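Trainee: Under mature numbering (1 follows the signal peptide of the UniProt record, and there is no 0), the residues of the sequence shown are numbered -27 to -1, 1 to 172, in order.
Yeah, the Cβ is synthetic: ideal placement off N, Cα and C, and Gly gets one too.
Predicted model only: the values in this text are computed from it and were never measured.
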Amino acid sequence: MERVRPLPGRRRLLAAAALATVPSALLSGAPAAARSRAVDHPTAEWQPASGSNYTKSSRPTAYPVDHVVIHVTQETYADTLAIFQNPQKRVSAHYVVRSSDGHLAQCVREADIAWHAGNWDHNTRSVGIEHEGWVDRPAYFTDALYESSAALTAAICARYGIPKDRAHIIGHHEVPGSDHTDPGPLWDWSRYIRLVNFM
Ligand SMILES: [Zn+2]
């Protein structure tokens, strides 16, 4: 086995790959402030929902934000983003968490009202987080998904002064008038609330 030349540094390859995907707007000098405002959660990737699928607002000035609503998608991560980007669907959430690695997409700014709870009053006062998976397939509820989501919820609670408890971090099925069952009985609430308080 002879390797005459060392392989190119992995870091250098990654840097080149990253540069190749930087949107041209960033390279051409978009204002720094505009860039930093693209997401509310620093590790989230901006994957905007169609403007037809949420209501522009100026929360928490326009409405108090005092709840986090936990959902399970019943779709894949990719299909969920596609649904939110489809102006016919009339549905969105602020965030989507990917099962395999806990990767976060932000689809609606927290200042705006996502259409996720099926209840206007709850939509106005909550941040909605979708988790990739199905209510009857607990394998989708990975450590990475729980930990990433809990860190996100902890940050949201800190931003708006929301108590980190089950009265304020609720399932979609607990929204008044909801006919949805998510996140379902296999979602580990005690673990989730413990993680949110640990973050
Ligand atoms: Zn839901």
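(1) Go through the residues and name those whose CB comes closer than 5 Å to any heavy atom of ligand 1, in chain order.
(2) Could you tell me which of 116, 114, 22, 75 sits nearest to residue 65, measuring between CA atoms?
(3) Let me check understanding here. Comparing Cα to Cα, which of 80, 15, 70 lies closest to residue 183?
(4) Check for me: the alpha helix (DSSP H) holding residue 169 runs from which residue to which?
(5) The beta strand (DSSP E) with residue 77 in it runs from where to where?
(6) Between residue 6 and the rest of its own chain, which residues show a CB-CB distance below 7 Å, the 5 nearest in sequence each way excluded?
(7) If you draw a straight line from the C-alpha of residue 160 to the C-alpha of residue 35, how long is it?
(8) Quick one: give me the first and last residue of the alpha helix (DSSP H) that residue 68 is part of.
Mentor: Short version:
(1) So the residues near ligand 1 by this Cβ test are 44, 145, 153, 155.
(2) The closest CA to that of residue 65, considering only 116, 114, 22, 75, is found on 22.
(3) No information on residue 183 is available, as it lies outside the stretch -27 to 172 that the chain covers here.
(4) First-last of the alpha helix (DSSP H) with residue 169: 162 to 171.
(5) Note, residue 77: beta strand (DSSP E), 77 to 79.
(6) Only weak support exists for where residue 6 lies, its pLDDT of 43 falling under 50; the value from the coordinates is given anyway. Nothing meets the Cβ criterion.
(7) C-alpha separation (whole angstroms): 32 Å.
(8) Annotation for residue 68: no alpha helix (DSSP H) segment contains it, though the beta strand (DSSP E) segment containing it runs 68 to 70.
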